[in-house]
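Here's the structure we're looking at; comments come further down.
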Amino acid sequence: MGGKTVLLYLMTTAIAVSVALTAAVWLEPGSPGQFEATTFAPKEAPPLTSTFINLVPKNPIEAMASGNMLQVIVFALLFGIAIAMTGERAKPVSQLFVAVNEVIMRLVTILMHLAPIGVFALIGKLTINTGLDAFANLGRYFALVLILLLVHGILIYGTMVRMLGGVSPWMFFKKMRPVHLFALSTASSSATLPVTMEVATRRLGIKSTTASFTLPLGATINMDGTAIMQGVATVFIAQIYGADLHMSQYLMIILTATLASVGAAGVPGVGLITLAMVLQQVNLPTEGIGIILGIDRILDMVRTAVNVTGDAAVTLLVARSEGDFDEQVFSDPDAGHQFETLPET
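To convert, take the position in the sequence shown, counting from 1, and add 18; that gives the working numbering.
This is the structure we're talking about:
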């Protein structure tokens, strides 16, 4: 069950970022560039063979110090697997990293409260230097990301539910409405998790034996909406800086965005943090994030709804394959309406 769940989550994330890159390259939301004030000399892309060879760090401390995020992600995955395999004796190490993660997320929260001031300054400087015409590009970026999120959330997941799950996509989306509303209001997959669990077990007919494993895992590693934003944002920033991306770099974006989603926390704004990893990996300036920061909150709400929809869709498919799915409950439009109060988060 674990293997099927992880494979489906990673597969949908890779599809999401691939479609996003294709659409962004084709529609060119950042061209013709209106950001003449920006100056950036892109580095030459390394060969694809050396990129895969360099996935495993020779020195993880050096990789962290130099900001080689792909090596850091690979090391973190291997280190986490080693902690899990060690078992009880590694519990203090695991608790240490949990505590460090809580501290870092608290620090990020503090910075996010200060972010509006910085965004106002960035947008003000951008307006003075480039004029209001520059916001036409930003509008194209916003519209493209929003359309791709809706297409992925409705078409891709709806097709999966119909073709692989053998059930009605219309009924699936209808019963997911409380989850979507909660995700839009909180912009957090983790905060929405209790609601997703209630809907999955009481309305979608998924047994708790499956839902209690796949949904918390999905809230951690399944970030399809975030991957779409990162794919479009990377191409958008490359276009406004006049940097040409090569095929090896596009493949690196897919790989980095997929792996970065595995370690991303389900909290508001985390997509911008992992976007910095993707930009660094393809030698693009992380300062470009400031251009899209002002409009990201609305997109963050929508991509959170896409993320939790993917969690529920994959959980339904896994439950169906494991025999933990009650189709009568799923087909009953009144199933689960007895719980009117959403669980506390």
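A virtual CB, placed ideally from N, CA and C, is assigned to each residue, including glycine.
If you check the beta carbons only, do residue i and residue j fall under 7 Å apart?
i: G243; j: L335; result: no
i: L302; j: A256; result: yes
i: A81; j: V90; result: yes
i: A337; j: I224; result: yes
i: T228; j: D350; result: no
i: I313; j: V296; result: no
i: L235; j: T214; result: no
i: K193; j: R221; result: yes
i: A275; j: V43; result: no
i: H198; j: A41; result: no
i: L263; j: A237; result: no
i: M319; j: L132; result: no
i: L293; j: A251; result: yes
i: E340; j: M19; result: yes
i: I172; j: Y27; result: no
i: S208; j: T219; result: no
With DSSP as the reference, identify every bridge partner of residue i, one or two as the case may be.
i: F343; result: I224
Between which residues of its own chain and residue i is the CB-CB distance below 7 Å, once the five residues before and five after are set aside?
i: M247; result: V163, G289, L317, R321
i: L182; result: L335
i: A32; result: I272, T276
Please report the straight-line C-alpha distance between residue i and residue j, rounded to a whole angstrom.
i: E327; j: A205; result: It should be noted that the sequence gives Thr, not Glu, for residue 327. One C-alpha to the other measures close to 13 Å.
i: V347; j: S186; result: 13 Å
i: L114; j: I101; result: 12 Å
i: A55; j: I291; result: For A55, the predicted model reports a pLDDT of 42, less than 50, meaning its position is unreliable; a value from the coordinates is still stated below. Each residue's alpha carbon lies about 25 Å from the other.
i: I71; j: M189; result: 46 Å
i: K76; j: L96; result: 13 Å
i: E46; j: G136; result: 27 Å
Which residues in the same chain have their Cβ closer than 6 Å to the Cβ of residue i, if we skip the five residues on either side of it in sequence?
i: G48; result: N155, F254, Q257, I258
i: G176; result: P187
Our contact map puts residue i next to residue j with C-beta atoms below 8 Å; I'd like the distance itself, whole angstroms only.
i: L178; j: A331; result: Residue identity check: residue 178 is Met in the sequence provided, not Leu. Their Cβ separation, rounded to whole angstroms, is 6 Å, which keeps M178 and A331 in contact under 8 Å.
i: F93; j: P110; result: With 8 Å as the limit, F93 and P110 do not qualify as a contact, their Cβ atoms being about 20 Å apart.
i: P196; j: V169; result: Actually they are not in contact, since the Cβ atoms of P196 and V169 sit about 23 Å apart, beyond 8 Å.
For residue i, which residues from the same chain have a beta carbon less than 8 Å from its beta carbon, with the 5 sequence-adjacent residues on both sides left out?
i: R24; result: Checking the sequence shown, residue 24 turns out to be Val, not Arg. Answer for V24: L235, I239, listed in chain order.
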